[in-house]
Each structure stands twice: as C-alpha cells, then as structure tokens.
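Q: Below is the structure I would like to discuss, written out as structure tokens.
Numbering (this note's numbering), first residue to last: 229 to 811.
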C-alpha cells in the first residue's frame with residue numbers, strides 16, 4: 229500500500245517537474261526571442277523572405293512610414309489575393325521595423341454617391357489609378373470602381389503607390405501574380421523615395437541635337453524622385469563630366485560629377501573631343517544610357533506627303549559603341565505587332581473622321597526577359613526603331629533586354645516609307661525574320677577607344693588623367709531615341725507634356741516610363757534594390773475546367789474527408805489503448 233502511495237507521489241512530482249521545466253523553457257525562449265530575431269520561411273520560392281537590400285533599408289529607417297491601403301471591401305478573388313498579399317508583405321516589413329504602419333481603407337464605404345465620388349476624385353488627384361471591375365451582388369452584376377494602391381506618408385510628405393503592374397494583353401491572373409511579385413520592390417521603392425535625402429546627380433547631355441525641355445519633362449520629373457537631374461552641354465570642355473580633386477601630396481584625382489548620363493536621341497555629329505570626354509567619363513566608372521537613332525525618319529514628312537525616305541544617320545558614334553560591344557545597324561524594323569495610328573478617312577458634316585491602322589514601323593515590344601530592368605514590364609511603344617548586334621570583346625557581358633516579335637521584317641536603308649502599306653493586307657511571308665534585338669545591357673571592364681591615340685587638341689591638357697580601362701562598369705544601348713520622348717500638346721501658347729508612354733491617339737499607356745526608370749536605377753543602383761524585381765513567385769492557378777468536372781469529388785473530400793480522418797484517428801487510438809491494457 230505504501231509502495232503504491234510512494235509511486236503516485238513520484239509520478240505527481242515528475243509531472244510537476246515536467247510542467248515547471250516546460251514553463252521555464254517557454255520563458256527562456258521568449259527572453260532569447262526578445263534579443264535574437266529570426267523568421268523561418270518554408271515556401272520553395274521564399275515568398276515571405278525579404279531580400280538583404282530591403283532588410284538593410286529597414287534597418288536604416290528611423291521614423292514612421294504610414295501606408296493607407298485602399299484595398300478593403302468586396303472584391304473578386306484576384307483582388308482579394310492582392311489585398312491579402314499586401315497585408316502580409318507589410319506585416320513582414322513591420323516585423324523587421326515597427327516604424328512601418330498601415331491601415332486598410334474601403335474608399336467606397338460612404339453610403340451616398342456624392343461623397344464616394346468626392347473621395348474617388350481626391351484619390352485620383354493624389355496620383356492613384358482607378359480600376360473598374362464587375363462585382364456579383366444579390367441584385368446581379370454591378371460595376372465597382374476600386375483603387376488598388378496606397379498613399380504613403382513620411383515626415384509630412386506623401387506619394388502614391390499603385391499596386392497593379394499593368395501589362396497590355398496579359399490575362400488578369402497573370403497581372404495579379406506579377407503585381408504580387410512586385411510588392412516588395414514597390415513598397416521598398418516608396419520608402420526609398422521618401423527617405424532619400426542625399427540624392428546622387430545624373431545629367432542629360434546637350435549640344436548634339438538631343439531631346440530637351442518638354443520632350444523629356446515627364447521622365448525628368450520621375451527621375452527627380454531618386455536623383456538630382458541636370459542638363460550638361462559638353463561642348464569640348466574636358467571638365468564637363470569630371471572634376472579634379474587635389475590630394476595631400478599635391479597630386480590630383482579625377483572624379484566623375486554624375487552617377488550616370490543620358491544621351492537621348494542626338495541628331496548631329498559628335499566631335500572627337502566630345503567623344504573622348506564621354507569615353508574618359510566611362511573609364512572612370514560613369515554609367516551611360518544611350519538612346520540613338522541609326523536611321524533618320526520622321527512622321528512630320530509623311531503628314532505633308534504620303535511618303536518619306538529613311539536614311540542612315542551617322543553621328544560619329546559607331547566606332548565608340550563597337551569598341552564597347554555593340555553595333556547599331558542602318559535598318560528599320562517592321563513588325564506585325566505594331567502601334568495603330570489614325571488616318572483621315574472622310575468627313576461627316578463638320579467633323580473629320582479617322583480610322584486606326586497598325587503602322588508597322590512602330591513596333592510594340594513585349595519583354596520576355598527575366599532581367600530586373602524589363603521583368604514584368606508593360607508593352608513598350610517605339611517609333612522607327614533599328615536593330616542592334618552584339619560584337620567585340622567576349623569579356624563584356626551582353627544581355628538583350630528588348631527585341632521585336634517573331635513577325636519581323638528588316639528594311640535596310642535607304643528605305644521608302646509610304647502610307648500605301650496601310651491600304652494592303654500584309655503578307656506574312658514578308659514578316660518572317662527572327663526577333664531582332666533593340667536594347668542591350670553591357671557589363672564588364674570597358675576598353676577606351678583612345679588607347680594610344682588621344683585626340684591632338686587635348687593631348688597636352690594636364691587635367692586629362694587618361695585611363696585606358698574602366699573598373700567593373702555597365703551601360704545600356706537602345707536603338708530608338710523616341711523610347712524616352714513623351715508626347716506634347718501645344719495649347720494656349722504653352723507646351724504641355726503627356727506622361728511618358730501615354731499615346732494620345734489610342735489612349736493607351738505603355739511601359740516606357742517604367743523602362744527608363746528601371747534602366748537608370750539599374751545603372752546607378754549600389755544597394756541591390758533592383759535585384760528585388762527579379763524575384764519570381766509561381767502562379768498556382770486553379771484548373772477551373774477540372775474543378776467543375778470533378779466538383780462532387782472535391783466537395784466530398786472537403787466535407788466528409790475531415791470527419792473520416794477524425795473517426796480513423798479515434799479507431800487507431802482505441803486499438804492502441806486496447807492493445808496496451810490487454811497486456
């Protein structure tokens with residue numbers, strides 16, 4: 229009897245010890261957790277893991293960033309998934325820094341139409357883009373306006389954050405998935421914009437007929453969120469892009485003034501001196517975005533006559549670009565996947581009538597590359613574009629960023645450009661060339677064009693500081709200057725720029741602005757933020773056809789399955805207990 233009592237006392241003491249030990253372990257884990265932070269992501273594509281550059285950005289964030297997200301309400305499944313993913317991503321940001329705060333708002337919650345419209349108008353003025361969707365309600369299908377975006381505020385400043393990554397022609401589920409993929413980049417980018425105080429400088433070159441003023445107003449405004457944007461006329465000045473710093477020992481170090489320069493659609497010849505200045509800027513680590521037209525062709529000539537001639541435009545840059553790794557070809561690319569243009573077809577009363585026809589000299593480019601500059605990019609509009617060949621030094625890495633479709637025709641110069649092609653149905657046999665590269669990224673150590681042949685007019689200049697090979701560097705070459713040019717409306721004596729990528733004839737917005745921002749950001753990126761754009765989340769879509777076919781089976785699995793599992797578990801437990809106590 230006393231032995232049984234002692235055994236029960238030992239069991240009770242062991243149970244109490246186990247309970248106390250368990251509580252002690254829990255307390256210790258919580259204490260350790262308050263000092264050591266870690267998270268475990270078991271998804272295959274690390275869906276819930278932030279990149280090192282984002283974590284670094286969050287570590288440097290010492291004040292509140294407030295996100296007002298307008299994704300609350302009754303949405304279709306895709307937008308619900310975007311809303312849930314946005315909340316999860318913000319939670320992930322907040323887990324690393326509690327200065328990230330947010331709230332979800334339903335902009336349609338006002339009961340009366342007038343108040344709702346006022347809210348909608350205010351959000352549009354703040355820069356959010358609305359989307360109209362069909363929602364199924366008790367009364368039937370109804371159209372609803374939603375704002376898939378957020379207003380981000382920090383220290384009294386606000387910027388819009390649109391969360392939908394539009395892609396012309398892409399299915400809705402692909403657009404939603406691409407938008408979810410871009411969440412970390414877009415949120416990080418918003419934080420970076422608002423916290424950016426020491427902006428690096430970039431410049432648009434002038435002096436060779438480059439685009440300026442209203443023609444690059446929109447991209448200049450967009451780039452000013454990240455950089456101090458200036459204009460520089462090289463004009464043979466050796467110190468136009470660089471400056472000399474005197475060292476303590478009396479020697480001089482030549483440094484670049486600008487993180488990157490943009491050479492946008494020049495139309496006049498570069499002197500050897502100007503080329504040398506650009507070359508030495510590159511040799512000292514400067515980045516260049518080249519937007520060059522190898523062929524001169526203009527729609528202005530076609531407006532006064534039905535035809536014009538496309539001719540080679542030699543601005544004395546071919547040898548320079550060839551040394552760096554590309555050759556711009558003297559041709560025009562035609563593509564069946566093209567931008568439509570309006571043509572006058574008659575008049576009804578006092579109203580002129582226009583019809584739209586695809587203008588094959590204006591290819592619409594759709595990116596298939598996973599490179600962060602063009603990943604998930606909307607279609608890009610072009611005007612009279614040429615092809616690029618990669619050549620030269622195999623040590624230079626060459627990545628094709630954009631190319632035409634498989635329905636391409638190459639027209640070598642001189643080429644007659646006539647509106648007559650719009651009156652005839654295109655022959656597919658004429659558009660059988662493979663896709664042609666039109667934008668190329670070059671990365672590596674570039675060799676100077678002027679090794680052993682410095683131009684005589686500056687050979688004696690003491691401030692030259694000639695460098696024959698660059699450090700690890702990068703540049704992007706695009707064979708169309710109009711990629712960065714926004715359309716302009718002339719009204720009441722002033723030039724009003726349209727957003728870059730917006731086509732005023734079709735009303736469509738293409739991805740030109742995002743392309744240019746991504747290109748300059750990639751060239752200037754020192755923090756690795758652009759690497760976030762290359763993340764890929766796999767789209768796990770429901771097979772609707774199979775789901776409908778096997779509807780009864782899936783209903784039984786989801787309703788009867790859990791009950792049967794509980795019963796099976798109970799039977800197994802019963803058999804184990806019976807076997808144990810039978811012994």
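Note that beta-carbon positions come from the ideal geometry of N, C-alpha and C, so glycine has one too.
The model shown is predicted, which means the values in this text are computed figures rather than measured ones.
Quick check: is any heavy atom of the ligand SAH less than 7 Å from the C-beta of residue 753?
A: Of ligands this structure carries none, so the ligand SAH is not represented either.
Q: Quick check: the Cα distance between residue 322 and residue 293, rounded to an integer number of angstroms?
A: 10 Å
Q: Quick one: what's got a C-beta closer than 7 Å to residue 573's C-beta in the same chain, skipping five residues either side?
A: 581, 582, 583
Q: Which residues bound the alpha helix (DSSP H) around residue 402?
A: In this chain, the alpha helix (DSSP H) harbouring residue 402 covers 400-409.
Q: Taking 6 Å as the limit between beta carbons, can you name the residues of its chain near residue 752, skipping five residues before and five after?
A: 487, 488
Q: Tell me the DSSP secondary structure of residue 449 in three-state form.
A: helix
Q: Go through its chain and collect everything with a Cβ distance to residue 457's Cβ below 7 Å, but skip five positions before and after it.
A: 430, 448, 451
Q: Report yes or no: do three or more beta-carbon pairs, one from the stretch 702-715 and one from the stretch 734-747, lie closer than 8 Å?
A: The answer is yes - the stretch 734-747 touches the stretch 702-715, with three or more Cβ pairs under 8 Å.
Q: What does residue 460 pair with, by DSSP beta-bridge criteria?
A: According to DSSP, residue 460 bridges with 433.
Q: To the nearest angstrom, report how far apart residue 538 and residue 591 are at their CA atoms.
A: 16 Å
Q: What are the partner residues of residue 361, as DSSP defines its beta bridges?
A: Looking at the DSSP output, residue 361 shares a beta bridge with 372.
Q: Ordered along the chain, which non-local residues of its own chain (more than five positions away) have a Cβ less than 8 Å from that of residue 820?
A: The chain is shown only over 229 to 811; residue 820 falls outside these bounds and no answer can be derived.
Q: Which same chain residues end up closer than 7 Å to residue 306 when comparing Cβ atoms and leaving out the 5 residues on each side of it in sequence?
A: 400, 401, 404
Q: According to DSSP, which residues form a beta bridge with residue 556?
A: 616
Q: Threshold first: 3 residues or longer. Then list the beta strand (DSSP E) segments lying entirely within the stretch 686-736, N to C.
A: 697-706, 716-719, 722-725
Q: Do you know how far the Cα of residue 556 is from the Cα of residue 627?
A: 15 Å
Q: With distances taken from CA atoms, which of 464, 790, 656 is nearest residue 215?
A: Given that the chain is displayed from residue 229 to residue 811, the structure contains no residue 215 and the question cannot be resolved.
Q: Could you tell me whether the stretch 323-338 touches the stretch 276-296, using the rule of 3 or more Cβ pairs below 8 Å?
A: yes
Q: Just how far apart, CA to CA, sit residue 254 and residue 246?
A: 12 Å
Q: Following the continuous beta strand (DSSP E) through residue 574, name the residue where it begins and the one where it ends.
A: 566-576 is the span of the beta strand (DSSP E), which, as asked, contains residue 574.
Q: Is the beta carbon of residue 606 sitting closer than 8 Å to the one on residue 412?
A: Cβ atoms of residue 606 and residue 412: not closer than 8 Å.
Q: Spell out a yes or no on whether the stretch 600-619 and the stretch 721-728 are touching, meaning 3 or more CB-CB pairs, one atom from each, closer than 8 Å.
A: Three or more beta-carbon pairs separated by less than 8 Å are not found between the stretch 600-619 and the stretch 721-728, which leaves the two stretches without contact.
Q: In whole angstroms, what separates the C-alpha of residue 235 from that of residue 243?
A: 12 Å
Q: Is residue 659 closer than 8 Å to residue 635 when the C-beta atoms are compared?
A: Their beta carbons are under 8 Å apart, which means residue 635 touches residue 659 by this criterion.
Q: Run through DSSP, which three-state label would residue 486 get?
A: coil
Q: Please report the straight-line C-alpha distance between residue 320 and residue 277, rounded to a whole angstrom.
A: Inter-residue distance for residue 320 and residue 277 is about 8 Å (C-alpha atoms, whole angstroms).
Q: Using CA atoms only, rank isn't needed, just tell me which of 602, 289, 521 is closest to residue 740.
A: 602
Q: Cβ of residue 466 within 8 Å of Cβ of residue 491?
A: no
Q: So the candidates are 778, 547, 604; which of them puts its Cα closest to the Cα of residue 620?
A: 547
Q: Whose CA, out of 639, 804, 353, 731, lies closest to the CA of residue 570?
A: 731
Q: Check whether the Cβ of residue 381 lies closer than 8 Å to any Cβ atom in chain B.
A: Among the chains in the structure shown there is no chain B, since it carries only a single protein chain.
Q: Could you pull the DSSP bridge partners for residue 791 from this structure?
A: In the DSSP output, where bridge partners are listed per residue, residue 791 has none listed.
Q: Rounded to the nearest angstrom, how far is the Cβ of residue 335 from that of residue 303, given a contact under 8 Å?
A: Incorrect: roughly 12 Å between the Cβ atoms, too far for contact.
Q: When the Cα atoms are used, what is the spatial distance from residue 540 to residue 522?
A: Spanning the two alpha carbons is a distance of roughly 6 Å.
Q: Which whole-angstrom value is the C-beta distance of residue 332 and residue 350, which I expect to be below 8 Å?
A: Residue 350 and residue 332 do not touch by the CB rule: their CB atoms are close to 18 Å apart, not below 8 Å.
Q: Report back the beta-carbon spacing between residue 407 and residue 392 to the nearest angstrom; my notes put them in contact at under 8 Å.
A: 5 Å
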